[in-house]
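In the numbering used here, the protein residues as written are 120 to 310. Glycine included, each C-beta is placed from N, C-alpha and C at the ideal position. What follows is one structure encoded as structure tokens, with my remarks underneath.
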């Protein structure tokens, strides 16, 4: 871990405003995995966002924009997020979103297959479209027209755009987590 966890008492006024907003968001939208230490310090991507609030604040705004009233079903979103986390080998991302995916009804075998870097055979049509879009995008190549058109047909133009932005966001989150060597939390220290 390259950045110490920031205690709420150590925060500047700007950091405190961001901390309060992120803590509220964590409580309302990011449940099922450890994100806040027992001393109130934020873990995962929230800690680097606090350290460098000039960049973390706008990143958090994008997270909120993509979390507020999503059009894609939760299991579909989780397929795309898992594909992205696996591509970047992002430990915290995978830790958190394996738990979220399980809570949102993805089968353990499906999650394990994605975690192994393979496309599960049991995906629904929507989940398969999300897998294909995320897989193509994280590979660093142009999204094939056929895959894009299939996503638009499956989700509509707004839903396909949400999927593309979601994959981009979690690519950014994964890079931040890896860049600052953010670990998977120890359960005894986390709430």
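Kindly indicate which residue of the options has the alpha-carbon position closest to the one of residue i.
| i | options | result |
| --- | --- | --- |
| residue 176 | 200, 137, 288, 280 | 137 |
| residue 279 | 166, 304, 179, 251 | 251 |
| residue 259 | 123, 185, 290 | 290 |
| residue 130 | 171, 120, 154, 151 | 171 |
| residue 235 | 253, 155, 208 | 208 |
| residue 249 | 283, 298, 295, 122 | 283 |
| residue 140 | 192, 169, 233, 124 | 169 |
| residue 301 | 157, 133, 166, 160 | 166 |
| residue 124 | 157, 149, 132 | 157 |
Rounded to the nearest angstrom, how far is the Cβ of residue i from that of residue j, given a contact under 8 Å?
| i | j | result |
| --- | --- | --- |
| residue 238 | residue 273 | No, residue 238 and residue 273 are not in contact; Cβ-Cβ is about 16 Å, not under 8 Å. |
| residue 151 | residue 222 | 5 Å |
| residue 288 | residue 182 | 7 Å |
Leaving out the 5 sequence neighbours to the left and right, which residues in its chain are closer than 6 Å to residue i when beta-carbon positions are compared?
| i | result |
| --- | --- |
| residue 304 | 153, 162 |
Within its chain, find whatever has a CB closer than 8 Å to the CB of residue i; leave out the 5 residues flanking it on each side and keep chain order.
| i | result |
| --- | --- |
| residue 135 | 127 |
| residue 275 | 190 |
| residue 185 | 281, 284, 285, 288 |
| residue 297 | 207, 208, 209 |
Closer than 7 Å by C-beta to residue i: which residues in its own chain qualify, once you throw out the five before and the five after it? Chain order, please.
| i | result |
| --- | --- |
| residue 255 | 262, 263, 266 |
| residue 270 | 248, 252, 279, 282 |
Indicate, with yes or no, if the ligand GDP has a heavy atom lying under 7 Å from the CB of residue i.
| i | result |
| --- | --- |
| residue 289 | Absence of the ligand GDP from the depicted structure is noted, as is the absence of any ligand whatsoever, leaving it without description. |
In the DSSP output, what is residue i paired with across the bridge?
| i | result |
| --- | --- |
| residue 161 | 155 |
Original post:
Does the pairing of the region 139-146 with the region 205-216 give three or more beta-carbon distances under 8 Å?
Top reply: no
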